[in-house]
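Have a look at the structure below, then the notes.
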Amino acid sequence: MGDVTIDETMRGRDRMLAAATHQAVDVTPVWFMRQAGRCLPEYRALRKQHDFMTVARTPELAVEATLMPIDRFGVDGAVLFADIMLPLEGMGVEFEIRPGVGPVIANPIRTRADIDRIQVVDPEEGTPYVLDALRLLRSELGGSAASLGFAGAPFTLACYLVDGRSSRDYPRTKAMMYGEPELWQALMDKLTDVTLRYLVGQITAGADAVQLFDSWLGLVGAETYAEKVAPYTRRIFDGLRGVAPTIHFSTGTVQLLQQIAATGPDLVSVDWRLPLDAAWTVMGPERGIQGNLDPTLLMAPWPVVEAATFDILDRAGQRPGHIFNLGHGILPETDPDQLARIVELVHGQRHG
Ligand code: CP3
């Protein structure tokens, strides 16, 4: 990628990739976690006709949902409509996604035999529809936004596999992590292999950048992270270095920020628990940063949202390497107009 002339207007894809590689941008790029679906009436209409897995498994429908927030908000990143659970199918793990509940595993993974039965497959075999959707998405976008692939991180996938469904504490998962180190290692090894292959497959199929979702990482302390989680995360980022830009996502992980940065992603997504500049100082200037508006703040009147958006931009101070986002996913009850206004505001602040 060459140098960027900042008095020209960039397109969304270039803006995202420039920020991901710490180059100058015309305005700060912005997209929203869980933007494809959730609060959009057009998504709800699509879901009335088709269930979740049908949308995910049909590239034309998945791309239709992916493009909804691009059309409506003009965001710079298009996160593929998919779910972190999809690769489990290729691994031979049966699950369903229950509306309002989330993923439910038919037979949770608890024993050595359960782990041995997990198949490590290539994504062309396990999830060909995800790759087809990314190929289609790239051509549909034509540079208007970066196409973003993603995967669940091994720890967060393990939480679902072992506990079987969403939980506050994931007690069975943590019991295996602390009490059965050999099983934990075998499980994390397999999940790391599948996840790395899955992300490489997505990039080959056309994802411009990929995000690794470690959504439940906030349950882990610093010492445990170093021993039981970080080595696997590092293996994934090592495998993707030079292939495409990478983003690490987690929430509630103030205690881990430095260690997360050291696993080697290009950008680290941070939540609202630390101000953006404070989080950036902890991680060091070599990492880019994504974030960090509190999604519940979008329930407040616009002037409150406006002030919070300006505050984040001020704290970023036009340093290269910032992508504006929420600290976690959009809540279903969010007014889409608030999101449209944020994009307008962020795109209205030219970098000098
Ligand atoms: O931005 C997007 O909407 C892109 C697609 C996307 C989905 N899931 C679609 C989805 C993405 C990026 C995800 C990631 C995901 N899935 C994560 C990591 C992100 C995070 O929020 O921490 C996790 C933990 C999951 C697992 C999962 N899938 C949960 C917890 C749920 C239930 C959510 C809820 O409150 O209903 C799902 C289902 C799901 N995945 C929906 C969507 C649009 C809602 C299901 C529906 O339409 O019926």
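Position one of the sequence shown corresponds to residue 71 (our numbering), numbered consecutively onward. For glycine and all other residues, C-beta sits at the position ideal for the given N, C-alpha and C. Predicted model, so just to flag it, every value in this text is computed and none were measured.
Starting from residue i, follow the beta strand (DSSP E) in both directions and report where the run begins and ends.
{"i": "Gly172", "result": "172 to 175"}
{"i": "Gly249", "result": "Element bounds for Gly249: not the beta strand (DSSP E) but the alpha helix (DSSP H), 241 to 249."}
{"i": "Gln328", "result": "It is not in any beta strand (DSSP E) - Gln328 instead sits in the alpha helix (DSSP H) that spans 327 to 332."}
{"i": "Val338", "result": "337 to 339"}
{"i": "Leu396", "result": "392 to 396"}
{"i": "Ala167", "result": "The residue asked about is misnamed: residue 167 is Ile in this sequence, not Ala. Note, Ile167: beta strand (DSSP E), 165 to 168."}
In three-state DSSP terms, what is residue i?
{"i": "Val416", "result": "helix"}
{"i": "Gly322", "result": "coil"}
{"i": "Ile154", "result": "coil"}
{"i": "Gly72", "result": "Here Gly72 scores only 45 on pLDDT, less than 50, and its place in the model is too uncertain to base an answer on."}
{"i": "Val200", "result": "helix"}
{"i": "Glu210", "result": "helix"}
{"i": "Glu403", "result": "coil"}
{"i": "Ala279", "result": "strand"}
{"i": "Ile188", "result": "coil"}
{"i": "Arg343", "result": "coil"}
{"i": "Arg267", "result": "helix"}
{"i": "Arg385", "result": "helix"}
{"i": "Arg235", "result": "strand"}
{"i": "Thr79", "result": "coil"}
{"i": "Thr98", "result": "coil"}
What are the start and end residues of the alpha helix (DSSP H) that includes residue i?
{"i": "Ile359", "result": "No alpha helix (DSSP H) contains Ile359, which is instead part of the beta strand (DSSP E) from 358 to 363."}
{"i": "Gly222", "result": "It is not in any alpha helix (DSSP H) - Gly222 instead sits in the beta strand (DSSP E) that spans 216 to 222."}
{"i": "Ile179", "result": "Counting along the chain, Ile179 falls outside any alpha helix (DSSP H), and DSSP gives it neither H nor E."}
{"i": "Val299", "result": "Run containing Val299: none; DSSP gives neither H nor E here."}
{"i": "Met86", "result": "82 to 90"}
{"i": "Val290", "result": "From DSSP, Val290 is part of no alpha helix (DSSP H); its letter is neither H nor E."}
Would you kindly check if the distance between the Cβ of residue j and the Cβ of residue i is under 8 Å?
{"i": "Val478", "j": "Ile359", "result": "Residue numbering for the chain in the displayed model covers 71 to 422; residue 478 lies beyond these limits and cannot be assessed."}
{"i": "Ala135", "j": "Val125", "result": "yes"}
{"i": "Asn395", "j": "Phe102", "result": "yes"}
{"i": "Val145", "j": "Val174", "result": "no"}
{"i": "Ala228", "j": "Leu269", "result": "no"}
{"i": "Gly160", "j": "Glu195", "result": "yes"}
{"i": "Ile317", "j": "Thr226", "result": "no"}
{"i": "Gly276", "j": "Ala89", "result": "no"}
{"i": "Arg311", "j": "Ala331", "result": "no"}
{"i": "Pro315", "j": "Ala349", "result": "no"}
{"i": "Gly361", "j": "Gly399", "result": "no"}
{"i": "Ser285", "j": "Thr333", "result": "no"}
{"i": "Val352", "j": "Gln328", "result": "yes"}
{"i": "Arg108", "j": "Gly172", "result": "no"}
Using a Cβ-Cβ distance under 8 Å, would residue i count as near chain C?
{"i": "Trp342", "result": "No chain C is present in this structure, which holds just one protein chain."}
Quick test of your reading: residue i and residue j, contact by CB under 8 Å. State the CB separation rounded to the nearest angstrom.
{"i": "Ile306", "j": "Leu282", "result": "6 Å"}
{"i": "Arg142", "j": "Pro406", "result": "7 Å"}
{"i": "Val264", "j": "Pro157", "result": "6 Å"}
{"i": "Gly219", "j": "Leu204", "result": "6 Å"}
{"i": "Gln408", "j": "Leu363", "result": "Contact doesn't hold; Cβ gap of about 10 Å is too wide."}
Please tell me whether, using a cut-off of 7 Å, the distance from the CB of residue i to the nearest non-hydrogen atom of the ligand FAD is below it.
{"i": "Asp153", "result": "No copy of the ligand FAD appears in this structure; the ligands present are the ligand CP3."}
Handout entry: Segments of 4+ residues assigned as alpha helix (DSSP H) that fall wholly inside the region 100 to 150
Key = Within the region 100 to 150, the complete alpha helix (DSSP H) runs of at least 4 residues fall at 111 to 119, 122 to 127, 129 to 143.
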